[in-house]
Structures are given as structure tokens and as C-alpha cells.
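J.:
In the working numbering, the protein residues as written are 70 to 332.
#1: Considering Cα atoms alone, identify which of 214, 160, 275, 249 is closest to residue 261.
#2: Rounded to the nearest angstrom, how far is the Cβ of residue 212 from that of residue 309, given a contact under 8 angstroms?
#3: Less than 8 angstroms separating the beta-carbons of residue 153 and residue 183?
#4: Whole angstroms are fine: how far does the CA of residue 222 sit from the CA of residue 284?
#5: Just to confirm my understanding: we take residue 200, look at its own chain, exclude 5 residues before and 5 after, and list those with CB closer than 8 angstroms. What are they?
#6: Alpha carbon to alpha carbon, how far is residue 206 from residue 188? Give it in angstroms, no decimals.
#7: What is the DSSP secondary structure of residue 170, counted as helix, strand or coil?
#8: What are the residues that DSSP puts in a beta bridge with residue 105?
#9: Are the CB atoms of residue 233 and residue 204 nearer to each other than 8 angstroms?
#10: Helix or strand or just coil, what does DSSP make of residue 325?
#11: In its own chain, which residues sit with a C-beta less than 6 angstroms from the C-beta of residue 96, not counting the 5 before and 5 after it?
#12: Using the three-state DSSP reduction, which class does residue 330 fall into: helix, strand or coil?
#13: Do you know whose CA, among 193, 81, 146, 116, lies nearest residue 158's CA?
#14: Sorted by chain position, which residues of the same chain lie with C-beta nearer than 6 angstroms to residue 105's C-beta, five sequence neighbours on each side aside?
#15: What residues in its chain sit with their C-beta under 7 angstroms from that of residue 176, if we drop five residues either side in the sequence?
#16: Determine, using beta-carbon pairs with one atom in the region 159 to 168 and one in the region 123 to 132, whether at least three such pairs fall under 8 angstroms.
#17: Are the beta-carbon atoms belonging to residue 136 and residue 163 less than 8 angstroms from one another?
#18: Out of curiosity, what's the CA-to-CA distance linking residue 258 and residue 194?
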């Protein structure tokens, strides 16, 4: 799946057509068509060939790439307006043919905005939990693509980093792979801290943070992870979007006090 920049493709197609048409014999006459390009024209067309190269490489259009190499080589020598017009026409037709075999996904406008802003929206999480970056990106991208259950799966992977950070913060042994065991150990150690911490605003703030975070983990486990991990349910777009926002809010909250731990 390519996240291609459509305006560049449209501009390229328009420019190639223009460069071809303005050199047509019927428009400029025999004498002008037979004359060679000047340096300014060569540099301009060379710039468009660089763009055409990037587009053809992105879309894996081998024949178009080969035509561009031929044109670029000819531009280094004397070349007439008529000849470059023919070369550009062949290139444009080759690229048009190459586009026909492409499958391109267009993100819906609302989803496009959310997808484009993923790095900003999840900045706090990725900053404190850098290993989540790939899963965060996949979760947002898959939701935007309409693969909702897959999106939730990656969100649960993101949560695991928060789970382990919490376990480490309360000195819980998190060697267990089962979420239930880890959460129970976290809750047990929170109760121990409740008895040991001296009374005061700092104690109240910390216990409030830990207790609410632990409750959220239970919610995620019972409401999402158990189902998606065992192929028990398919999630709708709305459900996946709710999970996306909920996990982001939760991880952002954790990131205000915790950081990723090394494995």
C-alpha cells in the first residue's frame, strides 16, 4: 500500500502533456521544431524527469523508469524540440499504462486527518514508550484502512508496554505472560503501598493514579484483549475508534508519570 502524493502525479502528467504539446510541429512550425532545446529548457525538463523517476520507482513502473533514463541521457546532448516531444509522449503513454495496473487506496477525509496527525496525537506515548511507535502507527493506519479488528490487536500490544511499566513501578514481578496474573500482582502491591505510604497529598495523588490505572487495565483486559487475542469477536469501525481514543488517553496519562522499561 502506497501513501502517494496525488498532486505530484497530477502536476507531472499535466507538465508532460504541456511539454509535448508546445513543441508540436503544427503549433511551432517546422523550423522551431527542428531547433535544439536551450539550457533553461533542458534544466526544466530534467527537473520533471527527477519527479517522474520518484513516481515510477514508487509505483514500480520499470518500463517508465527505462524511458526516463533514455530521456535523461539524451538531455545531456543536443536534442531537438521535435525529438523531446516524441520522447515525452512515449513516456506519458508508458506511465499511463503503468497506472492501470495499480491498486490505490484513498483514505476517507475524516480518517485521513486522524492518520496524518498520528505522530502528534501520540507524541507523549511514543516519547516515553518508544517501542510502541510501530504498533501505534499500525493501529491508526489499519483503522483508517478499515481493518478494525487488526487495529485493536495492535492497540493491545501498545497497552502491554503500559502494563509492564506499571508492574515495574509498584515492584510487581511481571515475568508472567498472563495479563490477569500481572494485574492481580499490581493490585496487590498497590494495597501494600496504601498501608506503607505516609499520609498526605503526595500519597493521595499516587494512589489515585495507580488505582485508576489498574482499573483501566482490567477494563481493557475484559473488554478488549481477551476477545481479540482469542478470535472471539470482530470489531466495527466505531468500536475500534473508541478503543483507539481510549488507549491513547490511557497511555498519555501513564506517560505523564511512567516510562518504558527495558526487557
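All C-beta atoms in this analysis are idealised placements derived from N, C-alpha and C, irrespective of residue type, glycine included.
T.: Taking the coordinates as given:
#1: In the chain shown, counting from the first residue as 1, residue 261 sits at position 192. Nearest C-alpha to residue 261: 275.
#2: Translated into the one-based positions of the chain shown, residue 212 becomes position 143. Translated into the one-based positions of the chain shown, residue 309 becomes position 240. The Cβ separation is near 5 angstroms, so the contact holds.
#3: Within the chain shown, residue 153 is the residue found at index 84, counting from 1. Within the chain shown, residue 183 is the residue found at index 114, counting from 1. The answer is no: Cβ separation not under 8 angstroms.
#4: Along the chain shown, one-based indexing puts residue 284 at 215. Along the chain shown, one-based indexing puts residue 222 at 153. Those two C-alpha atoms are separated by around 20 angstroms.
#5: Within the chain shown, the letter at position 131 stands for residue 200. Contacts found: 230, 329.
#6: Taking the first residue of the chain shown as 1, we reach residue 188 at position 119. Taking the first residue of the chain shown as 1, we reach residue 206 at position 137. Going by the C-alpha atoms only, they are around 8 angstroms apart.
#7: On the chain shown, residue 170 is found 101 positions in, with the first residue counted as 1. Coil at residue 170, not helix or strand.
#8: The sequence position of residue 105 within the chain shown is 36, counting from 1. DSSP output for residue 105 lists 149 as bridge partner(s).
#9: Here the question's residue 233 lines up with position 164 in the chain shown. Here the question's residue 204 lines up with position 135 in the chain shown. Not closer than 8 angstroms, so no.
#10: Position 256 of the chain shown holds residue 325. Three-state result, residue 325: coil.
#11: The residue given as residue 96 occupies position 27 in the chain shown. With a pLDDT of only 47 at residue 96, under the threshold of 50, the placement of this residue in the model should not be trusted; the figure read from the coordinates follows. Within the same chain, residue 96 has no close Cβ partners at all.
#12: Your numbering for residue 330 matches position 261 in the chain shown. Note: residue 330 maps to coil in three-state DSSP.
#13: Sequence index remark: in the chain shown, residue 158 carries index 89 (1-based). For the residues 193, 81, 146, 116, the minimum Cα distance to residue 158 belongs to 81.
#14: Residue numbering aside, residue 105 sits at position 36 when the chain shown is read from its first letter. Result list for residue 105: 147, 149, in chain order.
#15: Within the chain shown, the letter at position 107 stands for residue 176. Excluding residues within five positions, the ones whose Cβ falls inside 7 angstroms are 184, 213.
#16: yes
#17: Residue mapping note: residue 136 aligns to position 67 of the chain shown, counting from 1. Residue mapping note: residue 163 aligns to position 94 of the chain shown, counting from 1. Their beta carbons are under 8 angstroms apart, which means residue 136 touches residue 163 by this criterion.
#18: Walking along the chain shown from the start, residue 258 turns up at place 189. Walking along the chain shown from the start, residue 194 turns up at place 125. Cα-Cα distance, rounded: 25 angstroms.
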